[in-house]
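The working numbering puts the sequence shown at residues 10 to 265. All C-beta atoms, glycine included, are put in the ideal place defined by N, C-alpha and C.
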Amino acid sequence: VFKTATTFLYHFVYSDLTASLLTEDLFRCSVCTEVLKEPVSIPCGHSYCRQCIETYWNQTGDYDCPQCRKRFRTRPDLLTNSALENVIEKLHQAGFKVPALPKHCYAGPGDVACDLCTEKQLKAVKSCLTCTASYCERHVRRHYTVAALQRHTLVEVTGNLEQKLCQLHHRALEVFCKTDQVSVCLVCALQDHRNHDVIKNERDTEEENTKTQEEQIASRLEARLQREITILQHNTEELLADNSEQVPFMSILYLL
10 VFKTATTFLY HFVYSDLTAS LLTEDLFRCS VCTEVLKEPV SIPCGHSYCR QCIETYWNQT
70 GDYDCPQCRK RFRTRPDLLT NSALENVIEK LHQAGFKVPA LPKHCYAGPG DVACDLCTEK
130 QLKAVKSCLT CTASYCERHV RRHYTVAALQ RHTLVEVTGN LEQKLCQLHH RALEVFCKTD
190 QVSVCLVCAL QDHRNHDVIK NERDTEEENT KTQEEQIASR LEARLQREIT ILQHNTEELL
250 ADNSEQVPFM SILYLL
């Protein structure tokens with residue numbers, strides 16, 4: 010049965026339509042983004058390079074799945090994914106290669122690197138104030154799909170995450186105090202800035218200013234339009250008055 014399944018997968022991959030789809034996710038390790046090496050599976054069913062998942066757990070100190078974020082109480086045993094390893098080996102023997110990512114995707118000097126990538130770090134596209142980490146396009150996807158991560162605060166990628174956190178409570182600076190003109194965390198907002206004028210964040214301040222400007226422009230346009238309407242009504246009334254005066258005169262001419 011195993012040999013039949015392997016043969017089926019081997020031929021299935023070689024169809025023009027499915028090959029491009031499978032190379033994107035099936036054979037890539039989501040940690041290093043390279044072709045799986047010594048693929049192992051963890052209890053939730055996801056597979057990684059053995060070295061990648063071990064390094065990830067050693068660095069984070071938490072035993073969770075980098076993809077679905079399922080957390081394990083103890084360090085799980087890594088089970089070799091023999092079927093997947095066999096398929097990858099067959100593909101390598103046949104000369105099949107997973108296309109490498111473009112060079113501009115990898116972090117270079119001055120770029121913020123993804124904190125989850127291990128071997129070749131990709132360029133980060135978003136930073137999470139809750140995780141205090143930055144993620145590449147592939148690794149940030151979980152923040153949009155996993156319910157628990159959707160509550161995290163994502164910002165434009167930055168290499169100074171510590172400056173985005175409250176030094177007192179180590180929480181994200183999610184609100185902006187208009188009274189003191191300073192960004193604060195929610196705890197500070199409820200304690201030290203309780204009776205102050207606060208909004209969600211500095212971006213909201215910009216949006217509020219933009220909205221105010223738009224309202225002012227709309228108000229001026231409305232006033233101008235109203236003046237034009239008043240002038241038009243006045244001219245129309247004068248025209249109608251002139252016509253009403255001419256009607257009797259034309260009637261007299263007709264009688265003559």
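Is residue i near residue j, with beta carbons less than 8 Å apart?
i: Leu45; j: Leu93; result: yes
i: Val191; j: Leu125; result: no
i: Val193; j: Leu182; result: yes
i: Thr167; j: Thr139; result: no
i: Arg151; j: Gln225; result: no
i: Val134; j: Val149; result: yes
i: Thr42; j: Leu177; result: no
To the nearest angstrom, report how far apart residue i and residue j are at their CA atoms.
i: Glu63; j: Arg78; result: 15 Å
i: Cys175; j: Ile97; result: 47 Å
i: Glu268; j: Glu231; result: Residue 268 lies beyond the residue range present for the chain, which begins at 10 and ends at 265; the question has no answer from this structure.
i: His202; j: Gly54; result: 47 Å
i: Thr141; j: Glu237; result: 57 Å
i: Arg180; j: Leu170; result: 11 Å
i: Lys173; j: Gln235; result: 48 Å
i: Cys74; j: Phe81; result: 8 Å
i: Lys129; j: Asp206; result: 46 Å
i: Ala14; j: Gln102; result: Low confidence applies to Ala14: its pLDDT is 49, below 50, so where it sits in the model is not reliable, and the reading given next is rough at best. Between Ala14 and Gln102, the C-alpha separation is close to 18 Å.
i: Arg267; j: Thr239; result: The structure shown does not extend to residue 267, since the chain spans only 10 to 265, so no value can be given for it.
i: Val155; j: Arg233; result: 51 Å
What is the C-beta distance between residue i and residue j, in whole angstroms, given that I count them as a contact (C-beta under 8 Å)?
i: Cys123; j: Ser143; result: 6 Å
i: Val49; j: Asn95; result: Going by Cβ atoms, the distance from Val49 to Asn95 rounds to 14 Å, so no, they are not a contact pair.
Identify which residue in the options has its Cα closest to the Cα of residue i.
i: Arg37; options: Glu146, Thr167, Tyr57; result: Tyr57
i: Arg84; options: Gly70, Glu183, Gln242; result: Gly70
i: Ala116; options: Asn95, Trp66, Glu47, Glu146; result: Glu146
i: Gln68; options: Thr127, His113, Thr42; result: Thr127
Runs of beta strand (DSSP E) wholly within the stretch 84-168 (minimum 3 residues, chain order): Restricting attention to beta strand (DSSP E) runs no shorter than 3 residues, the stretch 84-168 encloses them at 135-137, 142-144, 163-165, ordered along the chain.
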